(Lines of atoms letter the chains of each structure in order from A; the text may use other names.)
(Lines give C-alpha, C1' and ligand atoms only; values in the text may rest on other atoms or scores of the structure.)
Protein backbone atom coordinates (compact mmCIF):
# COMPACT_ATOMS: atom_id res chain seq x y z
CA UNK A 306 0.00 0.00 0.00
CA UNK A 307 1.52 3.31 -1.11
CA UNK A 308 1.70 6.42 1.04
CA UNK A 309 2.76 9.96 0.14
CA UNK A 310 4.17 10.40 3.64
CA UNK A 311 6.66 7.64 2.97
CA UNK A 312 8.02 9.24 -0.19
CA UNK A 313 11.75 8.73 -0.44
CA UNK A 314 11.82 5.78 1.95
CA UNK A 315 14.08 3.41 0.06
CA UNK A 316 15.08 -0.16 0.75
CA UNK A 317 18.78 -0.50 1.63
CA UNK A 318 20.04 -3.71 3.16
CA UNK A 319 23.59 -2.56 3.92
CA UNK A 320 24.84 -0.73 5.84
CA UNK A 321 22.26 -0.65 8.62
CA UNK A 322 19.97 2.36 8.80
CA UNK A 323 17.36 3.75 11.20
CA UNK A 324 14.49 6.23 11.39
CA UNK A 325 14.49 8.50 14.46
CA UNK A 326 11.14 9.92 15.58
CA UNK A 327 10.36 12.61 18.11
CA UNK A 328 7.19 11.63 19.99
CA UNK A 329 4.99 14.57 20.99
CA UNK A 330 3.15 16.19 18.06
CA UNK A 331 5.20 14.07 15.68
CA UNK A 332 3.98 10.53 16.32
CA UNK A 333 1.11 11.37 18.69
CA UNK A 334 -1.28 14.27 18.14
CA UNK A 335 -0.79 15.86 21.57
CA UNK A 336 1.85 16.45 24.17
CA UNK A 337 2.23 13.23 26.17
CA UNK A 338 2.52 15.30 29.35
CA UNK A 339 -0.67 17.25 28.70
CA UNK A 340 -2.48 14.04 27.77
CA UNK A 341 -1.92 12.71 31.31
CA UNK A 342 -2.68 16.01 33.06
CA UNK A 343 -6.26 15.22 34.10
CA UNK A 344 -5.29 11.83 35.51
CA UNK A 345 -2.49 13.28 37.62
CA UNK A 346 -4.65 16.11 38.87
CA UNK A 347 -7.38 13.66 39.87
CA UNK A 348 -4.73 11.47 41.50
CA UNK A 349 -3.83 14.23 43.92
CA UNK A 350 -0.31 14.86 42.66
CA UNK A 351 -1.09 18.54 42.10
CA UNK A 352 -2.27 21.02 44.73
CA UNK A 353 -2.89 24.75 44.80
CA UNK A 354 0.49 25.44 46.35
CA UNK A 355 2.16 23.79 43.38
CA UNK A 356 0.03 25.89 41.05
CA UNK A 357 1.26 29.12 42.64
CA UNK A 358 4.89 28.05 42.88
CA UNK A 359 5.16 26.96 39.26
CA UNK A 360 2.89 29.45 37.46
CA UNK A 361 5.64 30.78 35.23
CA UNK A 362 6.89 27.31 34.31
CA UNK A 363 3.42 26.15 33.34
CA UNK A 364 2.82 29.25 31.23
CA UNK A 365 6.01 28.61 29.25
CA UNK A 366 5.13 24.94 28.89
CA UNK A 367 1.63 25.65 27.59
CA UNK A 368 2.59 28.57 25.37
CA UNK A 369 5.35 26.66 23.59
CA UNK A 370 8.19 28.19 21.66
CA UNK A 371 10.42 28.50 24.73
CA UNK A 372 14.11 29.10 24.18
CA UNK A 373 16.87 27.02 25.72
CA UNK A 374 17.26 29.13 28.88
CA UNK A 375 13.52 29.07 29.56
CA UNK A 376 13.43 25.31 29.08
CA UNK A 377 16.28 24.86 31.52
CA UNK A 378 14.55 26.98 34.16
CA UNK A 379 11.33 25.06 33.64
CA UNK A 380 13.17 21.73 33.96
CA UNK A 381 14.46 22.83 37.38
CA UNK A 382 10.97 23.89 38.47
CA UNK A 383 9.46 20.59 37.38
CA UNK A 384 12.20 18.55 39.00
CA UNK A 385 11.51 20.29 42.30
CA UNK A 386 7.78 19.73 41.85
CA UNK A 387 8.08 15.94 41.59
CA UNK A 388 10.51 15.57 44.50
CA UNK A 389 9.02 13.16 47.04
CA UNK A 390 6.34 11.72 44.78
CA UNK A 391 5.82 8.02 45.40
CA UNK A 392 6.79 6.05 42.31
CA UNK A 393 4.23 3.33 42.96
CA UNK A 394 1.40 5.87 43.04
CA UNK A 395 2.57 7.40 39.77
CA UNK A 396 2.97 3.92 38.31
CA UNK A 397 -0.60 2.96 39.16
CA UNK A 398 -2.10 6.13 37.71
CA UNK A 399 -0.22 5.74 34.43
CA UNK A 400 -0.94 2.02 34.18
CA UNK A 401 -4.67 2.70 34.49
CA UNK A 402 -4.80 5.37 31.79
CA UNK A 403 -1.86 4.87 29.42
CA UNK A 404 -3.55 2.89 26.67
CA UNK A 405 -6.90 4.66 26.88
CA UNK A 406 -5.20 8.03 26.50
CA UNK A 407 -2.45 7.25 24.00
CA UNK A 408 -4.08 4.65 21.77
CA UNK A 409 -6.57 7.06 20.09
CA UNK A 410 -4.07 9.83 19.28
CA UNK A 411 -1.46 8.06 17.16
CA UNK A 412 -1.10 9.79 13.81
CA UNK A 413 -2.12 7.45 11.01
CA UNK A 414 0.60 8.99 8.85
CA UNK A 415 3.24 8.30 11.50
CA UNK A 416 2.07 4.70 11.88
CA UNK A 417 2.33 4.29 8.11
CA UNK A 418 5.86 5.68 8.11
CA UNK A 419 6.88 3.28 10.85
CA UNK A 420 5.53 0.39 8.77
CA UNK A 421 7.32 1.68 5.68
CA UNK A 422 10.65 1.97 7.48
CA UNK A 423 10.36 -1.52 8.93
CA UNK A 424 9.48 -2.90 5.52
CA UNK A 425 12.63 -1.23 4.19
CA UNK A 426 14.64 -3.09 6.86
CA UNK A 427 15.25 0.04 8.88
CA UNK A 428 15.16 0.23 12.70
CA UNK A 429 12.69 2.65 14.28
CA UNK A 430 13.88 4.67 17.28
CA UNK A 431 11.71 6.97 19.41
CA UNK A 432 13.70 9.91 20.81
CA UNK A 433 11.68 11.90 23.36
CA UNK A 434 12.18 14.40 26.15
CA UNK A 435 9.41 12.69 28.12
CA UNK A 436 10.24 10.07 30.75
CA UNK A 437 11.52 6.66 29.71
CA UNK A 438 8.94 4.86 31.82
CA UNK A 439 6.10 6.30 29.77
CA UNK A 440 7.88 6.49 26.40
CA UNK A 441 9.02 2.87 26.40
CA UNK A 442 5.49 1.39 26.57
CA UNK A 443 4.39 3.77 23.82
CA UNK A 444 7.39 2.65 21.79
CA UNK A 445 6.34 -0.96 22.25
CA UNK A 446 2.83 -0.15 21.08
CA UNK A 447 4.29 1.47 17.99
CA UNK A 448 6.61 -1.43 17.31
CA UNK A 449 9.72 0.72 17.81
CA UNK A 450 13.03 -1.09 18.10
CA UNK A 451 14.61 1.33 20.56
CA UNK A 452 13.73 4.27 22.79
CA UNK A 453 15.79 7.25 23.96
CA UNK A 454 14.09 9.28 26.70
CA UNK A 455 14.64 11.32 29.86
CA UNK A 456 15.45 9.41 33.04
CA UNK A 457 14.77 10.65 36.57
CA UNK A 458 16.50 9.50 39.75
CA UNK A 459 14.47 7.37 42.19
CA UNK A 460 15.68 7.15 45.79
CA UNK A 461 15.93 4.10 48.05
CA UNK A 462 12.56 5.06 49.52
CA UNK A 463 10.90 4.58 46.15
CA UNK A 464 10.27 8.30 45.65
CA UNK A 465 11.57 10.75 43.09
CA UNK A 466 14.58 12.67 44.34
CA UNK A 467 13.94 15.57 41.98
CA UNK A 468 17.21 14.97 40.16
CA UNK A 469 17.50 14.29 36.45
CA UNK A 470 19.83 11.43 35.55
CA UNK A 471 19.61 11.95 31.79
CA UNK A 472 17.83 14.76 29.95
CA UNK A 473 16.95 13.89 26.35
CA UNK A 474 16.64 17.40 24.98
CA UNK A 475 18.19 19.43 22.16
CA UNK A 476 21.84 18.53 21.48
CA UNK A 477 21.57 15.55 23.84
CA UNK A 478 19.20 13.88 21.37
CA UNK A 479 21.76 14.29 18.59
CA UNK A 480 24.45 12.81 20.82
CA UNK A 481 22.23 9.82 21.52
CA UNK A 482 21.62 9.34 17.80
CA UNK A 483 25.36 9.38 17.10
CA UNK A 484 26.05 6.96 19.94
CA UNK A 485 23.41 4.58 18.64
CA UNK A 486 24.86 4.87 15.15
CA UNK A 487 28.25 3.85 16.49
CA UNK A 488 26.99 0.98 18.63
CA UNK A 489 24.46 -0.36 16.10
CA UNK A 490 26.38 0.36 12.92
CA UNK A 491 23.88 2.84 11.44
CA UNK A 492 24.99 4.87 8.44
CA UNK A 493 23.67 8.28 9.48
CA UNK A 494 23.97 9.65 5.96
CA UNK A 495 21.26 7.19 4.96
CA UNK A 496 19.16 7.51 8.14
CA UNK A 497 15.91 9.45 8.59
CA UNK A 498 14.67 11.77 11.35
CA UNK A 499 11.30 13.38 12.07
CA UNK A 500 10.35 16.19 14.47
CA UNK A 501 7.97 19.11 14.93
CA UNK A 502 10.27 21.33 17.01
CA UNK A 503 13.25 23.54 16.23
CA UNK A 504 14.81 22.31 19.49
CA UNK A 505 15.39 19.03 17.64
CA UNK A 506 17.39 20.75 14.91
CA UNK A 507 20.65 19.05 16.07
CA UNK A 508 19.01 15.63 15.72
CA UNK A 509 17.63 16.48 12.28
CA UNK A 510 21.03 17.78 11.15
CA UNK A 511 22.71 14.54 12.20
CA UNK A 512 20.99 12.40 9.53
CA UNK A 513 20.95 12.43 5.77
CA UNK A 514 17.14 12.52 5.47
CA UNK A 515 15.64 15.04 7.93
CA UNK A 516 11.88 15.76 7.87
CA UNK A 517 9.86 18.50 9.57
CA UNK A 518 6.48 17.18 10.77
CA UNK A 519 3.79 19.75 11.66
CA UNK A 520 6.73 22.11 12.32
CA UNK A 521 6.71 25.09 14.64
CA UNK A 522 7.42 28.45 13.03
CA UNK A 523 11.19 28.36 13.58
CA UNK A 524 11.59 24.81 12.30
CA UNK A 525 9.44 25.59 9.25
CA UNK A 526 11.78 28.45 8.37
CA UNK A 527 14.79 26.15 8.70
CA UNK A 528 13.14 23.42 6.64
CA UNK A 529 12.24 25.83 3.85
CA UNK A 530 15.75 27.32 3.82
CA UNK A 531 17.41 23.90 3.78
CA UNK A 532 14.83 22.39 1.40
CA UNK A 533 13.88 19.66 3.84
CA UNK A 534 10.57 17.84 3.31
CA UNK A 535 7.68 19.27 5.38
CA UNK A 536 5.01 16.71 6.31
CA UNK A 537 1.47 17.41 7.49
CA UNK A 538 0.16 14.77 9.89
CA UNK A 539 -3.47 15.34 10.85
CA UNK A 540 -5.28 11.99 11.11
CA UNK A 541 -5.18 10.50 14.62
CA UNK A 542 -6.22 6.85 14.68
CA UNK A 543 -6.60 4.17 17.31
CA UNK A 544 -3.36 2.23 17.35
CA UNK A 545 -5.13 -1.08 17.96
CA UNK A 546 -7.07 -0.56 14.75
CA UNK A 547 -4.14 0.84 12.76
CA UNK A 548 -1.60 -1.76 13.87
CA UNK A 549 -3.65 -4.83 14.82
CA UNK A 550 -0.61 -7.09 14.73
CA UNK A 551 0.96 -5.29 17.67
CA UNK A 552 -0.16 -6.41 21.11
CA UNK A 553 -0.45 -4.16 24.14
CA UNK A 554 2.44 -4.82 26.55
CA UNK A 555 1.16 -6.33 29.80
CA UNK A 556 3.61 -4.59 32.11
CA UNK A 557 2.62 -1.27 33.73
CA UNK A 558 4.51 1.93 33.08
CA UNK A 559 5.86 4.72 35.26
CA UNK A 560 5.49 8.39 34.41
CA UNK A 561 8.61 10.12 35.77
CA UNK A 562 9.45 13.04 33.46
CA UNK A 563 6.10 12.80 31.71
CA UNK A 564 4.43 12.99 35.12
CA UNK A 565 6.41 16.09 35.92
CA UNK A 566 5.35 17.81 32.75
CA UNK A 567 1.76 16.66 33.18
CA UNK A 568 1.68 18.06 36.68
CA UNK A 569 3.02 21.36 35.49
CA UNK A 570 0.61 21.50 32.59
CA UNK A 571 -2.38 20.83 34.82
CA UNK A 572 -1.23 23.40 37.32
CA UNK A 573 -0.82 25.91 34.54
CA UNK A 574 -4.34 25.29 33.30
CA UNK A 575 -5.78 25.83 36.79
CA UNK A 576 -3.67 28.94 37.28
CA UNK A 577 -4.68 30.40 33.91
CA UNK A 578 -8.37 29.69 34.60
CA UNK A 579 -8.24 31.33 38.02
CA UNK A 580 -6.49 34.39 36.58
CA UNK A 581 -9.05 34.66 33.77
CA UNK A 582 -11.93 34.47 36.23
CA UNK A 583 -10.36 37.16 38.36
CA UNK A 584 -9.90 39.41 35.32
CA UNK A 585 -13.49 38.90 34.17
CA UNK A 586 -14.82 39.62 37.65
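Residue numbers (the numbering used here): 306 to 586. Cβ atoms here follow ideal geometry from the backbone N, Cα and C, with glycine treated the same way. Computed from a predicted structure; not experimentally measured.
Counting only residues of its own chain and dropping the five nearest sequence neighbours on each side, residue 331 has a CB closer than 6 Å to the CB of 499, 500, 501, 518. Per DSSP, the unbroken beta strand (DSSP E) holding residue 467 starts and ends at 465–471. Bridge partners of residue 325 according to DSSP: 430, 498. Rounded to whole angstroms, the gap between the alpha carbons of residue 485 and residue 469 is 21 Å. Under the DSSP definition of a beta bridge, residue 517 partners with 500, 535. For residue 383, the closest C-alpha among the options 452, 457, 476 is that of 457.
When rounded, the separation of the alpha-carbon atoms in residue 507 and residue 473 is 12 Å. 531 is the residue among 521, 522, 531 whose C-alpha sits nearest the C-alpha of residue 515. Restricting attention to 412, 400, 512, the CA atom closest to the CA of residue 542 is found in 412. The alpha-carbon of residue 527 is positioned some 16 Å away from that of residue 476. With a cutoff of 9 Å on beta-carbon distance, residue 388 and residue 465 are scored as near each other. Scanning its chain for C-beta atoms nearer than 8 Å, with the 5 sequence neighbours on each side dropped, one finds around residue 495 the residues 317, 320, 322, 513, 514, in chain order.
Within the DSSP bridge table, the entry for residue 541 names 412 as partners. Rounded to the nearest whole angstrom, the C-alpha separation of residue 451 and residue 324 is 10 Å. As computed with DSSP, residue 522 is found in no beta bridge at all.
Residue 401 is positioned such that its CB atom lies no closer than 9 Å to that of residue 536.
Judged by beta-carbon spacing, residue 398 lies beyond the 9 Å limit of residue 326, meaning their Cβ atoms are not closer than that value.
Residue 441 is classed as buried because its beta carbon has at least 16 other beta carbons within 10 Å across all chains shown. Residue 491 is bridged by DSSP to 321. In this structure, residue 407 places its C-beta atom within 9 Å of the C-beta atom of residue 337.
When only Cα atoms are considered, residue 483 and residue 454 end up about 15 Å apart. Sequence-distant Cβ neighbours of residue 503 in its own chain, meaning closer than 7 Å and more than five residues away, are 521, 523, 524, 527. Pairing residue 392 with residue 529, the inter-Cα distance amounts to about 44 Å. Judged by DSSP in its simplified three-state form, residue 349 adopts coil rather than helix or strand. In this structure, DSSP gives residue 512 a state outside helix and strand, which the three-state scheme calls coil.
Distances from the CA of residue 425 to each of 471, 436, 497, 395 were compared; the closest alpha carbon is that of 497. With respect to the C-alpha of residue 333, the residue from 395, 385, 348, 433 having the closest C-alpha is 433.
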